[in-house]
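Let me begin by presenting the structure, written as structure tokens, before commenting on it.
In my numbering, the protein residues as written are 375 to 644.
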């Protein structure tokens, strides 16, 4: 193997090691193994080049020194990733254990998923201004309409209940349903309103999307940061003032996200 070929391969190995540093924390074990493999190959190439170098024209060791420094930096980054992953796992475990205290309590939380428990569901919405009408649509996971009702059109935060009655005159089974509340203004324009729900926590779990702990109200998963109120078992849920504030904040965040998306799309289009 020529010196040029060996130097080319060591350069490639260095690049591979650098890319290993950017691997996600969940892949640190694989990164560690890949780094060890690259390091062993690098040392084999270094030894081969030292054996076959021209005594009258010895190799420049600065390139290999740089490679060794790079490997050390990558190893350090992998160690940091492992430590961060361990810390995050410990925090999630602690939060999940603490969340177990919610089981059996009543909670009110921002959510558009409506849990029907023992043929009973309670939800809330805020009408920002007097509207011509407010409609409530409850649908199943397939998008089929299960029930509809009229809401309160005056400005303010309102509560409503659903006993599981469906549009066919039957009773829907306990489970998770989609909740859509729409206000129609006096000018005919429509606005979908943010909603909150109340129910009894039956379990705690980890959100598979982000590994964050969440409480389960029936089969509805709710992130802890979406909880507005906690009530003791048998307590009366729903302080409309607190709920109204939370829904207004949720609506403002949604408006900001929509504004940011519109700005991005406008910039891209231009």
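Every residue gets a Cβ at the ideal spot worked out from N, C-alpha and C, and that includes glycine.
Anticipated Cβ contact below 8 Å, residue i with residue j, distance rounded
{"i": "residue 624", "j": "residue 568", "result": "4 Å"}
{"i": "residue 502", "j": "residue 593", "result": "The Cβ separation is near 31 Å, so there is no contact."}
{"i": "residue 596", "j": "residue 483", "result": "4 Å"}
{"i": "residue 531", "j": "residue 617", "result": "6 Å"}
{"i": "residue 537", "j": "residue 493", "result": "6 Å"}
Coil, strand or helix - residue i by DSSP
{"i": "residue 505", "result": "coil"}
{"i": "residue 593", "result": "coil"}
{"i": "residue 443", "result": "helix"}
{"i": "residue 480", "result": "strand"}
{"i": "residue 422", "result": "helix"}
{"i": "residue 602", "result": "strand"}
{"i": "residue 526", "result": "coil"}
{"i": "residue 496", "result": "strand"}
{"i": "residue 618", "result": "helix"}
{"i": "residue 325", "result": "The structure shown does not extend to residue 325, since the chain is modelled only from 375 through 644, so no value can be given for it."}
{"i": "residue 624", "result": "helix"}
{"i": "residue 396", "result": "Residue placement at residue 396 cannot be trusted, given a pLDDT of 42 that sits under 50; the coordinates are not used to answer."}
{"i": "residue 474", "result": "helix"}
{"i": "residue 427", "result": "coil"}
Contacting residues, own chain, Cβ-Cβ under 7 Å from residue i (five flanking each side not counted)
{"i": "residue 519", "result": "511, 513, 541"}
{"i": "residue 421", "result": "none"}
{"i": "residue 491", "result": "548, 573, 574, 592"}
{"i": "residue 643", "result": "Confidence at residue 643 is low in this model, with a pLDDT of 43, below 50, so its placement is unreliable and the value that follows should be read with caution. Same-chain partners within the cutoff: there are none."}
{"i": "residue 539", "result": "521, 545"}
{"i": "residue 629", "result": "none"}
{"i": "residue 620", "result": "484, 570, 602"}
Residue i Cβ short of 7 Å to the ligand SAH heavy atom set
{"i": "residue 443", "result": "Although the ligand SAH was asked about, the structure shown includes no ligands whatsoever."}
DSSP beta-bridge partners of residue i
{"i": "residue 553", "result": "512"}
{"i": "residue 521", "result": "512"}
{"i": "residue 571", "result": "483, 497"}
{"i": "residue 588", "result": "579, 597"}
{"i": "residue 533", "result": "498"}
Residues of its chain near residue i, where Cβ-Cβ distance is below 6 Å and the 5 sequence neighbours each way are ignored
{"i": "residue 398", "result": "Note that residue 398 scores a pLDDT of 43, beneath 50, so its modelled location is shaky; the value from the coordinates is reported in the next line. Hits under 6 Å: none found."}
{"i": "residue 565", "result": "557"}
{"i": "residue 476", "result": "575, 589"}
{"i": "residue 496", "result": "535, 572"}
{"i": "residue 604", "result": "479, 481"}
{"i": "residue 486", "result": "553, 569"}
{"i": "residue 523", "result": "510"}
{"i": "residue 600", "result": "483, 484"}
Own chain, CB closer than 8 Å to residue i, minus 5 neighbours either side, in chain order
{"i": "residue 606", "result": "479, 480"}
{"i": "residue 559", "result": "503, 505, 506, 565"}
Start and end residues, beta strand (DSSP E) containing residue i
{"i": "residue 566", "result": "564 to 567"}
{"i": "residue 547", "result": "Taken as a continuous stretch (DSSP letters only), residue 547 belongs to no beta strand (DSSP E), as it is neither H nor E."}
{"i": "residue 489", "result": "487 to 490"}
Cβ of residue i within 8 Å of any chain B Cβ
{"i": "residue 594", "result": "Within the model displayed, chain B is absent; a lone protein chain is all it includes."}
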